[in-house]
Every structure is written in structure tokens, then in C-alpha cells.
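Contents: one structure, followed by commentary.
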Amino acid sequence: MSLTERLKDVHWSVFGFIAGYHVALLAAIPIYLLYRTPGWDLLLLTFLLMGATLISITMGYHRFYAHKTYKAKRLLEVPLLFFGTASIQGSALKWAHDHRLHHRHVDEEGDPYGTQKGFWHSHILWLFKKPGEWQERLVRDLQQNPVVMFQDRHYGLLATVTNVLIVITVGLITGDWLGAFVFGFLVRLFLTHHSTWFINSLAHMWGAKPYSTEHSAVNNFILAILTYGEGYHNYHHTFSGDYRNGIRWYQFDPPKYFIWLMSKIGLASDLQRVNRVQIHKKLVAADRKLMLDHLSDFAAEHVRVKEFVTRVERAYENLTDELSKMKMDLDRYRALKGEQAREEVRILKGQIREKRRSIRKEMRDWERLCKQVFRMRPQMA
Ligand SMILES: [Zn+2]
Ligand SMILES: [Zn+2]
């Protein structure tokens, strides 16, 4: 593409705004620090506002609008949209549109922020390109939502109003009007933008792939902190319908805790979770692929490769078969639970307990087999 064509493709208003506020921030921080020291109240407010805008993106734009992983009452939706608007990441409708495209075409040409074009493209440069073709069918459900459409129609005005309100509030509370602008607006915007952008860039580059190797998304604890809980991105791309990203209770995922909390006070409902059996099946399938890939790397050089391939396939078949049976028992248990079939439920419960024990043992054997396979090296032939 020639330079003239490239320049024609630049989304100048977005480029001007993003580049402009970065330059303003670089200039404002030393000037501010020369005359003042930020007070604790200003820093705390900036931190809280950062949390509010980030949670509105992760819990609102991402998990509610783009993926519909739970239902929310208007009373929750409105503050989510208020702070989502203040984050200056576009309207929820456009954000969800691009994000649904990202999931649909991950790592391919149609992915608006695919990492196959490099770190900087997925992190920020994609924003400077004029948007591709608008695919209305991707967001028809959201177009039925009047609040979403209102935000989309008046986005520019609302983004200005919400940010002005935030700066005025910080100024009134702290009495530091310059600080309110520098920290409550510029610093907050800078940190929240890069936090979200890391999900598109680093969360597809730097980390582990325990659930699936079919896409570039990775799990990374450090990124979970930097992105406010979206760092378990390998899980998310594998099970995007789940309201959680870090499925273990201790995995840092603030939106998960907030959504759960909101469901407890009646503002959220129908929280979608992928069941454990399905998760285990994916984990085992990802392990199997990695093991077979590893073995095929030196198939001709190692005498025991064939034997290990057979062991992997046999163990995989047994384990997935056990997991499928477990799923059937669990479904039957759920169906029977509400009915007056106490004896049947009691027997079924015993069977499930027994199966759980045997699956746990098979999983341990599987992990041992994984270790054995990954220890194998060509020179051992
Ligand atoms: Zn992604
Ligand atoms: Zn997503």
C-alpha cells in the first residue's frame, strides 16, 4: 500500500484525540508536579474512577453487551453505561460489534485487532484505521436495547458530558482543579485505555494456553492484574459464554466477583457458567494435541514414540468417555432433583461420587503421562 493510500485510510479524529491526549499528558505531568504534589484524596479518587471505568468495560461492554453472559437490570445497566461512556472507547454497540468480529475471526484477516499483524497493530494502531464494513447482523440483539441505542446516537456529546462531570466532581471534592483534569481525566484515560488494549495485544501473545491451542489467546496472571481480570484470555476465547474469566475463586477477576455480587442483590441474573465436565474435556483435548505434536517432532528418531502415541490415545479415549458419562449422570441428577424420586436420587448421588473419585485418579495418571511425554527428547533414542 502506498503512503497516500495509507494516509487516506487513517481515522484522523481518533488518531488526533489519542495522540493529542498522550502529548497533553506528557506535558501536563511535569508542569503539575513542578507546582504541586497530588493529595491522597486526588490519588484515591483517580484510583476509584479508574476501577469504575474499567469495571464498566469488562463487566459491562465486554461480558454483558458483547457476550451476554448474564442479564442485568436497568438500575445496573445505566451506571455501567455512564462509566463505559466516560472511558472513551466508543459506544457499547460499536465496541461489541468489533469484539464479536474479533471472536468470530480470531487471528484471521477479519479480526479487527488480530495479533497476526504484530503487537502495535493489536494494541493501538488498529484504532487509527478507518473502521471496516459495518455488519449489522452481528449486533441486531443490541439494537433492540433503547439505552444502548441512545448511547450510540449521542456518543460524542455523552462522552464529553460524563468526563466533564467527573472532572468537576473531583475538583469539588479535592479543591485541586488542575489535578482533577490531569489525574481525573488524562491519567485515568491513559491507564484505562492501555489496560484494555493489553487484552488485545499481550493477552494474545504472552502466557500459557491450558484450555485450547486453537487460538492465540493466553492465560497470564500478571495480565489479569493489568487488565482488571481479563488476563485469563485463553479460557475466555475457549468458553466466551461464561461470565467468568478466571474460573477458580482465587484467580484475580474483579468483574466475576462484581457480577456475582450484583446477582446476590437482585441486579443481575442468569449468570452463565460452563460446567466443569466440559472444561475438563477441553483441558484434556488441549493436552492431547500438545503431546501428539511433541511426539511427532521426533517420530523417526525415538523408538518409543509409537508406544507413547498409543498410550496417549487410549488414555484420552478412556478419560473423555468417563467425562461424558459423568455429564449424563449430572444431567439426570439435575432433572430428578426437583421430583419425588428420592431413592433414585440417592443412588445417582452415590454413582456420581464414585465417578468423581475415579476421574480424579485418571486425571492424575493423565498428568503423569503428560510429564513423561514432555520429558522425552530425541537424543534418548
Ligand atoms: Zn481476544
Ligand atoms: Zn470476549
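My numbering applies: residue 1125 is where the sequence shown begins, and numbers increase by one. By construction, the Cβ of each residue, glycine as well, lies at the ideal position given by its N, Cα and C atoms.
Worksheet item: Nearest CA to the CA of D1265: which residue from A1327, E1478, D1300, Y1189?
Response: Stepping through the sequence shown from its first residue, residue 1265 is reached at position 141. It is Y1189.
Discussion item. At a cut-off of 6 Å, would you count A1506 as near ligand 1, judging by its Cβ distance to the nearest heavy atom?
Written reply: No statement about residue 1506 is possible, as the shown extent of the chain runs from 1125 to 1505 and does not include it.
Worksheet item: Can you list, in chain order, the residues of its chain whose CB lies under 7 Å from that of L1350, leaving out five sequence neighbours each side?
Response: As a position in the sequence shown, residue 1350 is number 226, starting the count at 1. S1319, F1322.
Fill in: Cβ-heavy atom distance, S1364 to ligand 2, below 6 Å
The residue given as residue 1364 occupies position 240 in the sequence shown. Checking every heavy atom of ligand 2 against the Cβ of S1364, one is found closer than 6 Å.
Discussion item. From the DSSP secondary-structure annotation, give me the bridge partner or partners of A1341.
Written reply: Taking the sequence shown and counting its residues from 1, the one referred to as residue 1341 is at position 217. DSSP, once it has assigned bridges, lists no residue as partnering A1341.
Worksheet entry | For S1319, three-class secondary structure by DSSP | Position 195 of the sequence shown, counted from the start, is the residue given in the question as residue 1319. Helix at S1319.
Discussion item. Just verifying my parser: in three-state terms, what is the DSSP assignment at S1393?
Written reply: Locating residue 1393 in the sequence shown gives position 269, where the first residue counts as 1. DSSP places S1393 in the strand class (E or B) of the three-state scheme.
Discussion item. Using the Cβ count rule (16 or more neighbours within 10 Å means buried), how would you classify A1505?
Written reply: Along the sequence shown, read from residue 1 onward, the residue named residue 1505 stands at position 381. Summary for A1505: the model assigns pLDDT 43, below 50, so the residue's position carries little reliability; its value from the coordinates is reported in the next sentence. So A1505 counts as exposed.
Item to complete: Give the single residue among R1228, V1285, H1247 whose Cα lies nearest to the Cα of L1262.
Response: Taking the first residue of the sequence shown as 1, we reach residue 1262 at position 138. Ranking R1228, V1285, H1247 by Cα distance to L1262 puts R1228 first.
Worksheet item: According to the Cβ coordinates, are A1348 and F1382 closer than 7 Å?
Response: Residue numbering aside, residue 1348 sits at position 224 when the sequence shown is read from its first letter. Residue numbering aside, residue 1382 sits at position 258 when the sequence shown is read from its first letter. No, they are not a contact pair.
Discussion item. Going by DSSP in three states, V1134 sits in which element: helix, strand or coil?
Written reply: Taking the first residue of the sequence shown as 1, we reach residue 1134 at position 10. V1134: strand per DSSP, three-state reduction.
Discussion item. Looking at ligand 1, does it come within less than 6 Å of A1341, judged from the CB to the closest heavy atom?
Written reply: The residue labelled residue 1341 in the question sits at position 217 within the sequence shown. Yes, the beta carbon of A1341 sits closer than 6 Å to at least one heavy atom of ligand 1.
Worksheet item: For L1173, which residues from the same chain have a beta carbon less than 7 Å from its beta carbon, with the 5 sequence-adjacent residues on both sides left out?
Response: Residue mapping note: residue 1173 aligns to position 49 of the sequence shown, counting from 1. Around L1173: I1290, G1308, R1312.
Worksheet entry | Y1367, buried or exposed, once every other Cβ within 10 Å from all chains shown has been counted against 16 | Along the sequence shown, one-based indexing puts residue 1367 at 243. Under this definition Y1367 is a buried residue.
Discussion item. Could you compute how far the alpha carbon of H1361 sits from the alpha carbon of D1231?
Written reply: Residue mapping note: residue 1361 aligns to position 237 of the sequence shown, counting from 1. Residue mapping note: residue 1231 aligns to position 107 of the sequence shown, counting from 1. Each residue's alpha carbon lies about 12 Å from the other.
Item to complete: For the stretch 1436 to 1449 and the stretch 1458 to 1470, state whether three or more C-beta atom pairs, one from each stretch, are separated by less than 8 Å.
Response: As far as the Cβ criterion goes, the stretch 1436 to 1449 does not touch the stretch 1458 to 1470, which means the pair count is below three.
Item to complete: Take W1258 as the anchor and find which of A1283, F1274, W1219, V1271 has the nearest alpha-carbon.
Response: In the sequence shown, residue 1258 corresponds to position 134, counting from 1. That would be W1219, whose Cα lies nearest to the Cα of W1258.
Practice prompt. Compare the C-alpha of L1395 against each of K1406, K1380, Q1402, V1401 and name the closest.
Written response: Position 271 of the sequence shown, counted from the first residue, corresponds to residue 1395. Closest by alpha carbon: K1380.
Practice prompt. Look at the Cβ atom of G1331, then the Cβ atom of V1342, and state whether they are nearer than 7 Å.
Written response: Translated into the one-based positions of the sequence shown, residue 1331 becomes position 207. Translated into the one-based positions of the sequence shown, residue 1342 becomes position 218. Their beta carbons are under 7 Å apart, which means G1331 touches V1342 by this criterion.
Discussion item. I'd like to check one pair, F1206 with T1177: are the Cβ atoms closer than 7 Å?
Written reply: For the purposes of this step, residue 1177 is identified with residue 53 of the sequence shown, where counting begins at 1. For the purposes of this step, residue 1206 is identified with residue 82 of the sequence shown, where counting begins at 1. No, the pair does not count as a contact, with Cβ atoms beyond the cut-off.
Item to complete: Sort G1295, G1256, F1422, S1393 by Cα distance to E1201 and report the nearest one.
Response: By one-based count along the sequence shown, residue 1201 stands at place 77. When only C-alpha atoms are compared, the closest one is S1393.
Worksheet item: Does W1164 get closer than 7 Å to chain C when you measure Cβ to Cβ?
Response: Absent from the structure is chain C; it holds one protein chain and no more.
Worksheet item: Does DSSP put G1175 in a helix, a strand or coil?
Response: The residue given as residue 1175 occupies position 51 in the sequence shown. Of the three classes helix, strand and coil, the one that applies to G1175 here is helix, per DSSP.
Worksheet entry | Limits of the alpha helix (DSSP H) - the one that N1269 falls within | Translated into positions along the sequence shown, residue 1269 becomes position 145. Element bounds for N1269: n/a, residue is neither H nor E.
Worksheet item: Helix, strand or coil: which one does DSSP assign to K1253?
Response: The sequence position of residue 1253 within the sequence shown is 129, counting from 1. In the structure shown, K1253 sits in a strand (DSSP, three-state: E or B).
Worksheet item: Do M1329 and T1239 come within 7 Å of each other at the CB atom, strictly closer than that value?
Response: Residue 1239 sits at position 115 when you count from the first residue of the sequence shown. Residue 1329 sits at position 205 when you count from the first residue of the sequence shown. It is a contact, given that the beta carbons lie within the stated cut-off.
Worksheet item: H1247: buried (16+ other C-beta within 10 angstroms of its C-beta) or exposed?
Response: On the sequence shown, position 123 is the one that residue 1247 refers to. It counts as buried.
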